[in-house]
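All you need for the numbering used here is the position in the sequence shown, starting with 1, plus 1.
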Amino acid sequence: RFFREVKMAACSVKHISREGNVLAPAGYSALPIKFSKKSRSHHFLYVKEHRVREELDPTRPQDRTLFVLNVPPYYTKKCLSHLFSRHCVIESVELQDKPGPAEKAEIMAAQSKFFSLKTVPGFRVAYVVFKSQGGLQTIKSLKPREPLVISTKTCPIKTGTEKWISDYATTLISPEELQAEVDAFMQEHDKRIAEEEAKAEEEEGVPDEEGWVKVTRKGRRPGIPRTEAANLRALEREKKKRARKELLNFYAWQHRESKREHIAQLRKKFEEDKQKIALMRAQRKFRPY
């Protein structure tokens, strides 16, 4: 077991490189970052050139894109842009929960700012695109003697009560903006449904390549919709059909049982009426005439 653990440790060391006294993942450079000039401790951002074929990720050119690991949750696009723009001109900055292709512009535009499903953010990754190839090489060769400062006077990062107030302010929803977004969504939804219905009407009764005809609700014999209400109505109809087929009071014992149940119901109703009369007398609201 001891030798197996030593072997596993040796394998894991292969994926870690050492820059000076700093451990970094293989292929990455470590950039020391501290929060402000007063901060005594710092952490590291691990950076490397982004190498993915341009046809798979066209918004991130290979020779101008920097991939950044270990980005804290309080970092913003603005502060990262300010951090790297001290050395070269920045074209764009993207933050993502995990490495992957950039989200399409259509998806980004369709996302609602009122109905977000994102969880509490943790450490993330960033993609920084520079204006020129020299910017990427400058950052890769950067070996600062002192940690770089992320929160400056020109680009401060909110913390403490100031951040809580700002986060709370972002949760406040404008009813007018929300109503406008809902109206726009419903208009788009109605338009899409109308187009689907028009297309279904055009294809109604028209066989496909294999000769099959699609059955829809709009046809001469529409299919039964598979909804809960439709299922309940079908069950109710089946129950009534079975009740009509049953022979009531066919046997003598059935006749006796039905009489006995009828008398029991009359007695029960009589006792309930007596209790109601007694209650009304107690409340002095009894008016027999």
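Ideal Cβ positions, reconstructed from N, Cα and C, are used throughout, including at glycine.
Pairwise C-alpha distance: residue j and residue i
i	j	result
I91	L137	10 Å
E258	N232	34 Å
S40	S113	37 Å
R243	E210	44 Å
Q153	K35	Inspection of the sequence shows that residue 153 is occupied by Thr rather than by Gln. Between T153 and K35, the C-alpha separation is close to 11 Å.
L70	E229	50 Å
H115	P59	Contrary to the premise, residue 115 reads as Phe rather than His in this sequence. F115 and P59: Cα-Cα distance of roughly 30 Å.
F124	K99	9 Å
R285	D274	16 Å
P145	V72	18 Å
Backbone secondary structure at residue i - three-state DSSP
i	result
P1	This structure leaves residue 1 out entirely; the chain is present only between 2 and 290.
P133	Correcting the residue type first, residue 133 is Ser in the shown sequence and not Pro. S133 falls in the coil class under three-state DSSP.
Q188	helix
L96	strand
E205	coil
S40	coil
K215	coil
L233	helix
K114	coil
Beta-bridge partners of residue i, as assigned by DSSP
i	result
P33	F45
F68	K49, Y128
I91	F131
Q284	Answer by DSSP bridge pairing: none, since Q284 is not bridged.
Is the segment 78 to 88 touching the segment 162 to 182 in the sense that three or more CB pairs, one from each, lie closer than 8 Å? no
Evaluate the contact criterion for the segment 65 to 73 versus the segment 122 to 136: three or more CB pairs, one atom per stretch, below 8 Å. yes
Completely contained alpha helix (DSSP H) runs for the segment 145 to 182, where each covers 4 or more residues: 161 to 172
Is it the case that the segment 137 to 149 contacts the segment 46 to 55, given that we only count it when at least three CB pairs across the two stretches are under 8 Å? yes
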